[in-house]
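Sequence order for the protein chains is W and E. The working numbering applies: residue 3 is where the first sequence begins, and numbers increase by one. The working numbering applies: residue 966 is where the second sequence begins, and numbers increase by one. Take a look at the structure below.
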Amino acid sequence: MRDSTFKGALSDRTARTFMGVLFGATLLVTLLNQIFPPDSALHVSAYTVTLLGKYLCYALLALALDLVWGYCGILSLGHGAFFALGGYAMGMYLMRQIGDRGVYGNPELPDFMVFLNWQELPWYWHGFDQFWFAALMILLVPGLLAFVFGWLAFRSRVTGVYLSIITQALTYALMLAFFRNELGFGGNNGLTDFKDLLGFSLQSDATRVGLLIATAVALASAFVLCRWITGSKLGRVVLAVRDAESRARFVGYRTEHYKLWVFTVSAILAGLAGALYVPQVGIINPGEFSPLNSIELVVWVAVGGRATLYGAVIGAILVNYGKTVFTGVMPEAWLFALGGLFVAVTVFLPQGIVGLVSQHWERLRKRFVKTGDTDDTPAAQGEHS
Amino acid sequence: MGYRFSQTLVAMLVMLLTCVSWAEQALQDTTVPPQTEQGLNSGTDMMDADESNRVVAPPTINEILDQLTSRSFDDKEAAIRQLANQNNPRVIPLLNALMNRELVHNRKDDTIALGEKQDGQWELRDPTTEEVVGHVDSRAARPVVINNRLRTVINNQLALSGLNDPDSDVRYQAAGQLIGNDDPEMLTALGERREQESSQRVLDQIETALNIAALQSDDLTARLNAIDALSGNLHPEVKNSLNSRLSVTDNASETRALEQALKKIDARISTFQTADTVFFGLSLGSVLLLAAIGLAITFGVMGVINMAHGELIMLGAYTTYVVQQLLPNSHEWSLLIAIPAAFLVSALTGILIERFVIRFLYGRPLETLLATFGVSLILQQAVRVIFSPLNRTVITPEWMSGALEINPVFSLTYNRLYIIFFALAVFLALLTLLKRTRLGLQVRAVSQNRTTARALGIRSERVNALTFGLGSGIAGVAGVALAQLTNVGPNLGQSYIIDSFMVVVFGGVGNLWGTLTAAFGLGIANKLLEPMAGAVLAKIIVLIFIILFIQRKPRGLFPQRGRAAEE
Chain W
3 MRDSTFKGAL SDRTARTFMG VLFGATLLVT LLNQIFPPDS ALHVSAYTVT LLGKYLCYAL
63 LALALDLVWG YCGILSLGHG AFFALGGYAM GMYLMRQIGD RGVYGNPELP DFMVFLNWQE
123 LPWYWHGFDQ FWFAALMILL VPGLLAFVFG WLAFRSRVTG VYLSIITQAL TYALMLAFFR
183 NELGFGGNNG LTDFKDLLGF SLQSDATRVG LLIATAVALA SAFVLCRWIT GSKLGRVVLA
243 VRDAESRARF VGYRTEHYKL WVFTVSAILA GLAGALYVPQ VGIINPGEFS PLNSIELVVW
303 VAVGGRATLY GAVIGAILVN YGKTVFTGVM PEAWLFALGG LFVAVTVFLP QGIVGLVSQH
363 WERLRKRFVK TGDTDDTPAA QGEHS
Chain E
966 MGYRFSQTLV AMLVMLLTCV SWAEQALQDT TVPPQTEQGL NSGTDMMDAD ESNRVVAPPT
1026 INEILDQLTS RSFDDKEAAI RQLANQNNPR VIPLLNALMN RELVHNRKDD TIALGEKQDG
1086 QWELRDPTTE EVVGHVDSRA ARPVVINNRL RTVINNQLAL SGLNDPDSDV RYQAAGQLIG
1146 NDDPEMLTAL GERREQESSQ RVLDQIETAL NIAALQSDDL TARLNAIDAL SGNLHPEVKN
1206 SLNSRLSVTD NASETRALEQ ALKKIDARIS TFQTADTVFF GLSLGSVLLL AAIGLAITFG
1266 VMGVINMAHG ELIMLGAYTT YVVQQLLPNS HEWSLLIAIP AAFLVSALTG ILIERFVIRF
1326 LYGRPLETLL ATFGVSLILQ QAVRVIFSPL NRTVITPEWM SGALEINPVF SLTYNRLYII
1386 FFALAVFLAL LTLLKRTRLG LQVRAVSQNR TTARALGIRS ERVNALTFGL GSGIAGVAGV
1446 ALAQLTNVGP NLGQSYIIDS FMVVVFGGVG NLWGTLTAAF GLGIANKLLE PMAGAVLAKI
1506 IVLIFIILFI QRKPRGLFPQ RGRAAEE
């Protein structure tokens, strides 16, 4: 049994190993990028730094999904929406930072609004010139949406597949909405052409490294937070909800409250991931809302292994590395590989890579097998009762 | 130009042949039937005309035409009128030729001939027999000049002869052309035609034309009667002429009558526009039904989340395309082959998916969702590799194009109409299969209680595979229908998958009637919202509505009851 206090979560061995590897890798990349000159064999290019930062954002997103799916049994097919909303909030701040350096040189309005002949800034764009306000919105908007949506859904006991499908409909509806120019988020093109963040130019190597470190810190904090949540008493109730929701309810727990809480925290983490993602890739557009993205995200978690947290991180990094390699070498084959991965993981590797590895070191990692055991998910009990 | 000319030529040739056959009949028929007043209506009358011409020896067609050599437009008009009064099948082609500047004045011998320019020369043909009579230099002949007044005269004469055509479709069109025409001669002709017309459709057109003309009458009661008769008439010309009359009249009772008539017309137009919207809604609903009905089987009856359903639809659409490519000369009926072919292709793919993927995942719906999503990516990419990522066009057969015109503001396009019926037919076939056949019984038994079904000797594995194949096959058939409405591309399926799930979940899982209601309900709601909110916003509103609805009634419109419904 783990120590269920926050301090305990910080000091448990898994968290320490995880943070050790994460910070070690980040530090190594940072040093290699900063110390060695560009023509050195040991130099790591800014491209690689950004790529790694991107992977870590995905890892954070996967972590958020693992919290709801692995521990609470809620398969959300709309987590991409929270990610994108966080990204848009950050994008709006970056957009306001451009000021009069845009193509049209309008100090107040972003380029696309000038292009669409808008006369003044829409009300919901106000405040985004302040970083603290944008940061608040990055957490608040996805969190609020998840809270309202979850409150409606869990209160009326929408579960399992139905929940998955309506979360998918949610992200689909948001995608359609954000594609519209009238909504004031840049329509099809989204938000791009960012110049700087908190006064640091987004083009410089130092900012990129800084963003990578920030992402690594965010990921590590989120990991500790999730460890703490899952190890706490609340985490145990959440597990009970996953494994036998009706039973947990009959025992006297308000299961919908627990689910809502976990769902909202997860959405906030997803929003944070999106906000860190946008300055690194330099664009946010409605494509991020597409249902395909959200489903792909599920596969990262499934590949890594559910309900282990670090499994999600490993899965996200591995699959995305594979994607980078494949799309570079043979772009046609990527979708075949991804599709095959979906099938193979669900049919042959229900516990993901982590589960596979842990089988071999059963003795050493006994406790992970216990938490990683997915055979008695509510899904397994449902439908064919 | 060349195409148009050859068309005219063909028309002439047909006329010539008819003429020859009439002449033969006339020769065989020695007894002369008594004269009738009716004129051009039938072949026998035509023979009378020929006979009487022979007796009185009136001017021949060529002689009348030769009067067109005159420079005076009055002379030409007289000639045209005289020509139009001839009971001769050559009249219409010759009037058309005159309109198209294909009737030329040969200056050498001062005659009129049919002329076609060939290599800077005129090839001249005899106006009656169409035999080539010679070639002249391009300067030696010139098309007969006509002005706008003569054009109106010719058009009127053409409409008049159309009005007396034996074919009711031609009469209908001719009468339609005369609507809004206030030439007294035309009106007299219309009035005469009204007395003998037997087709109600043509009669309505004639009445409309006459009533519009009567709006200009000096007699107030005649005007009021006309207004009354035109009230509710949907012909666009009616609204125009009523409005223009409203702007000039100073009579109170007439103004009132006009306003009432216009109000009634507007009310009818808006009624039919609503009907039009509902029709489009039904059409969208039938598409949704086709897309969702296969899912209702795999998801509703078997509890399998098949995210590759959209791709099975896409396979059906591509099968249609392939069948058309294999049978390039038979687009009219290749659809009939495409339907079973698409069913087979998609059903086999479905059975393969079931045997190799889903079989291992029964009872784990969320995992099936992921695995079948992987399958959908593979299928999409396979189609991209085989057929290229570009859209393919499927040719719509002749009998599916065009529209059934009910009135000037409301018409039903045939392809949508057929697809509505097709969707209903597929639905009924499926319903019968599930309720009336042995396989259907087994499917329902396995879906309700697998263990008991197995204990009773049902081979549940086989039933699963067949059920999944059936649902997939229907997706393929849906693809055939969708190929008629949208582009066939690798993303075809993706665009329907979310909608299909919405329909099934909204209607209540495991309930085919629920799926039917949900499909048509959502289709109509979407189309009713569209004019108000725009297409995308309408879709978003419908999606949000479903999300909220599911939260109120998590089991859909028609929830399944009993043990099978409990999770």
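Note that the Cβ used here is the ideal one computed from N, Cα and C, for glycine as well.
- For E/L1189, the CB contacts under 6 Å within the same chain, skipping 5 residues up- and downstream, are A1222 in chain order.
- For E/I1371, the enclosing beta strand (DSSP E) starts and ends at 1368-1372.
- Secondary structure at W/W125: helix, using DSSP grouped into helix, strand and coil.
- Rounded to whole angstroms, the gap between the alpha carbons of E/I1192 and E/T1220 is 10 Å.
- By the Cβ neighbour-count rule, E/P1058 is buried, with 16 or more other Cβ atoms within 10 Å of its own.
- Membership of E/E1088 in any alpha helix (DSSP H) is not indicated; the residue belongs instead to the beta strand (DSSP E) covering 1086-1090.
- The Cβ neighbour count for E/N1071, taken over all protein chains shown within 10 Å, is at least 16; the residue is labelled buried.
- Distance between E/A1139 and E/E1095, taken at the CA atoms: about 27 Å.
- Three or more Cβ pairs closer than 8 Å define a contact, and the stretch 1430-1445 of chain E falls short of that threshold against the stretch 261-275 of chain W.
- Interface criterion not met: the Cβ of W/T326 is under 7 Å from no Cβ in chain E.
- Judged by pairs of C-beta atoms under 8 Å, the stretch 331-349 of chain W touches the stretch 1333-1341 of chain E, as three or more such pairs exist.
- Contact between W/W153 and W/L262 holds: their C-beta atoms lie close to 6 Å from each other, under 8 Å.
- Every unbroken stretch of the alpha helix (DSSP H) spanning 4 or more residues and falling wholly within the stretch 332-356 of chain W is given here in chain order: 333-350.
- Under the 8 Å Cβ criterion, the stretch 1499-1513 of chain E counts as touching the stretch 156-176 of chain W, having at least three qualifying pairs.
- Restricted to the stretch 1359-1433 of chain E, the alpha helix (DSSP H) segments that are unbroken, complete and at least 4 residues in length are 1379-1401, 1403-1413, 1415-1420, listed in chain order.
- In the DSSP assignment, E/A1078 forms a beta bridge with E/V1069.
- Look at W/L178: its C-beta is under 7 Å from a C-beta on chain E.
- In the structure shown, W/S203 adopts extended strand secondary structure according to DSSP, grouped into three states.
- Assignment of E/G1472 by DSSP, reduced to helix, strand and coil, places it in the helix class.
- Taking 7 Å as the threshold, the shortest C-beta distance from W/A220 to chain E does not fall below it.
- Contact between the stretch 47-58 of chain W and the stretch 93-105 of chain W is absent: fewer than 3 CB-CB pairs across the two stretches fall below 8 Å.
- In the three-state reduction of the DSSP assignment, E/D1102 falls in the strand class, which pools E and B.
- Close CB contacts of E/L1089 within its chain, under the 8 Å cut and outside five residues either way in sequence, are with V1069, N1071, A1078, L1079, G1080, V1097, V1098, G1099, H1100, V1101, A1106 (chain order).
- E/A1194 is the residue among E/D1184, E/A1194, E/P1149, E/E1150 whose C-alpha sits nearest the C-alpha of E/Q1170.
- By the Cβ neighbour-count rule, E/P1131 is exposed, with fewer than 16 other Cβ atoms within 10 Å of its own.
- Using a Cβ-Cβ cut-off of 7 Å, E/P1354 does not count as an interface residue toward chain W, since no Cβ of chain W sits closer than that to its own.
- Of all residues in the stretch 152-168 of chain W, only L154, A155, R157, S158, R159, V160, T161, G162, V163, Y164, S166, I167, I168 come within less than 8 Å of chain E when Cβ atoms are compared, listed by chain position.
- When C-beta atoms of the stretch 249-262 of chain W are compared with those of the stretch 195-209 of chain W, fewer than three pairs fall below 8 Å, so the two segments do not count as touching.
- Shortest Cα-Cα distance from E/G1141 to any of E/E1150, E/L1125, E/T1153 involves E/L1125.
- At a cut-off of 7 Å between beta-carbon atoms, E/A1336 makes contact with chain W.
- Classified as exposed, E/D1215 has fewer than 16 neighbouring CB atoms from the shown chains inside 10 Å of its CB.
- Residue contact with chain E for W/Y60: absent (no Cβ-Cβ distance below 7 Å to any residue of chain E).
- When the beta-carbon positions are compared, E/P1362 and W/V160 stay at least 7 Å from each other.
- At a cut-off of 7 Å between beta carbons, W/G192 makes no contact with chain E.
- Chain E places no beta carbon closer than 7 Å to that of W/Y312, leaving this residue out of the contacts.
- Taken in chain order, the members of the stretch 76-104 of chain W whose beta-carbon sits within less than 7 Å of a beta-carbon on chain E are L77.
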